[in-house]
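Student:
In the working numbering, the protein residues as written are 229 to 601.
#1: Just list the beta strand (DSSP E) runs in the stretch 455 to 483, keeping only unbroken ones of 3 residues or longer that don't cross its boundaries, in chain order.
#2: So, at 6 Å on beta carbons, what are the nonlocal neighbours of residue 502 in its own chain, with the 5 sequence-adjacent residues on each side left out?
#3: Are there 16 or more other CB atoms within 10 angstroms of the CB of residue 418, so buried, or fewer, so exposed?
#4: Quick test of the definition: if touching needs 3 or more C-beta pairs under 8 Å, does the stretch 527 to 544 touch the stretch 565 to 584?
#5: Give me the DSSP bridge partner(s) of residue 505.
#6: Measuring CB to CB, does residue 488 end up less than 7 Å from residue 515?
#7: Just reading off the beta strand (DSSP E) that residue 278 is part of, what are its end residues?
#8: With a threshold of 7 Å on Cβ separation, who are the neighbours of residue 380 within its own chain once the five nearest residues in sequence on each side are excluded?
#9: Give me the residue from 267, 495 and 282 with the minimum Cα distance to residue 453.
#10: Just the Cα atoms here: how many angstroms apart are residue 555 and residue 393?
#11: Starting from the C-beta of residue 303, find all residues in its chain whose C-beta is less than 7 Å away, skip the five residues before and the five after it, and write them out in chain order.
#12: Cα separation between residue 517 and residue 553?
#13: Along the chain, where does the alpha helix (DSSP H) containing residue 426 start, and where does it finish?
#14: Can you tell which of 358, 551, 557 and 401 has the C-alpha that lies nearest to the C-alpha of residue 239?
#15: In whole angstroms, give me the CA-to-CA distance for residue 478 and residue 301.
#16: Go ahead and pull the three-state DSSP assignment for residue 302.
#17: Applying the 10 Å Cβ sphere with the 16-neighbour rule, what's the burial state of residue 256?
#18: Do residue 254 and residue 268 have their C-beta atoms closer together than 7 Å?
#19: Using the beta-carbon count (16 or more within 10 Å), is residue 424 buried or exposed?
#20: In this structure, does DSSP put residue 316 in helix, strand or coil?
#21: Could you tell me whether the Cβ atoms of residue 547 and residue 507 are closer together than 7 Å?
#22: Closest to residue 366 by C-alpha separation, out of 350, 279 and 585, would be which residue?
#23: Taking C-alpha atoms, which residue in 279, 426 and 430 lies nearest to residue 364?
#24: Hey, quick one: how far does the alpha helix (DSSP H) through residue 600 stretch, first residue to last?
#25: State the start and end residues of the unbroken beta strand (DSSP E) segment that holds residue 330.
#26: In whole angstroms, give me the CA-to-CA distance for residue 343 and residue 244.
#27: Taking the alpha carbon of residue 316 as the reference point, which residue from 450, 299 and 459 has its own alpha carbon closest?
#28: So for residue 372, helix, strand or coil by DSSP?
#29: For my contact list, residue 348 and residue 296 are in at a C-beta cut-off of 8 Å; report their separation, rounded to the angstrom.
#30: Helix or strand or just coil, what does DSSP make of residue 421?
#31: Starting from residue 567 and walking both ways along the beta strand (DSSP E), at which residues does that stretch end?
#32: Do you know offhand how far residue 182's Cα is from residue 565's?
#33: Using alpha carbons as the reference points, say which of 456, 420 and 356 lies closest to residue 396.
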């Protein structure tokens with residue numbers, strides 16, 4: 229691995245990829261009890277190696293496992309800590325036009341690091357595939373996302389049975405993350421991405437209902453979420469690049485929230501201690517580029533201008549025009565390009581084919597090569 233390589237890159241991607249049919253079948257067989265754990269891992273290993281090969285063939289400098297070993301982008305991470313349990317949902321989470329049927333997840337005890345986490349082995353497998361042109365990236369939910377899972381208006385009554393106050397929950401989450409990240413660093417990780425949908429909920433027109441508060445309360449939550457993220461980020465070694473990805477939900481080509489970054493820019497973009505922001509910008513639901521004015525000197529923004537939700541390829545000239553618009557708020561040399569989110573935040577995936585997925589990533593690189601010659 230070339231030491232100077234680190235995320236983000238001029239052409240980049242968020243992390244998750246459509247699951248191949250062989251992997252989908254293996255996971256179903258495993259759930260049905262007709263395939264053992266070793267058999268499932270063999271299929272996961274094979275499909276991940278094929279995915280990384282394709283990432284490299286396209287000339288991308290970052291490699292991931294596509295989140296192939298997970299059911300969802302965030303919950304699998306949480307399930308591996310003490311104090312967390314889950315069960316199949318009966319109602320699903322409300323997305324635009326469709327309920328996301330992912331497991332209900334809640335607190336049943338104090339949140340603690342178990343001394344090992346399966347994502348460590350997942351990362352080591354990808355890191356072993358690094359070469360002089362590529363670096364491995366791990367994607368995990370942001371600490372704020374972990375907290376939001378258990379402290380929002382609908383979930384706090386259950387959490388409160390375990391935690392007398394939220395401060396104690398926050399302290400336990402920070403300690404659990406710090407312990408995990410210490411082991412992750414020892415495993416060789418130097419490129420970490422914190423995925424965070426909380427900000428999409430905090431700008432949505434229904435935010436007061438989501439969080440059970442008023443605008444002053446929303447501002448206080450923003451401060452709290454930045455604080456928990458920074459408490460974890462500030463504890464990472466200097467040579468670990470920590471970025472965050474922000475979107476408004478990504479399930480089976482649907483979304484969960486709408487609203488521009490304006491209402492959270494002074495909290496998130498101005499004050500979160502990450503090296504770069506991967507920001508959803510593929511539709512008008514994300515608003516304009518004006519909030520980029522809040523990004524401090526030295527930080528980069530990866531513009532998510534290519535959508536993973538639909539198969540149609542974007543107009544290259546229009547994407548370049550939008551990059552130029554963004555550059556009036558942040559210098560071009562501090563901008564990069566990627567899809568707005570992953571292609572399969574949950575294993576069901578978005579509504580496009582694997583070929584269409586790769587065509588999207590080819591377009592990202594073509595545009596980046598033209599803009600940043």
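Ideal Cβ positions, reconstructed from N, Cα and C, are used throughout, including at glycine.
Tutor: If we stick to the structure as given:
#1: 469 to 474
#2: 470, 471 and 472
#3: buried
#4: yes
#5: 472 and 529
#6: yes
#7: Note, residue 278: premise wrong, no beta strand (DSSP E); alpha helix (DSSP H) at 265 to 285.
#8: 438 and 439
#9: 495
#10: 44 Å
#11: 314, 330, 331 and 333
#12: 8 Å
#13: 426 to 431
#14: 551
#15: 10 Å
#16: coil
#17: exposed
#18: yes
#19: buried
#20: coil
#21: no
#22: 350
#23: 279
#24: Here residue 600 belongs to no alpha helix (DSSP H), and DSSP marks it neither H nor E.
#25: It is not in any beta strand (DSSP E) - residue 330 carries neither H nor E in the DSSP assignment.
#26: 26 Å
#27: 299
#28: helix
#29: About 16 Å separates the two Cβ atoms, so there is no contact after all.
#30: strand
#31: 563 to 567
#32: As shown, the chain starts at 229 and ends at 601. That puts residue 182 outside it, with no answer to give.
#33: 456
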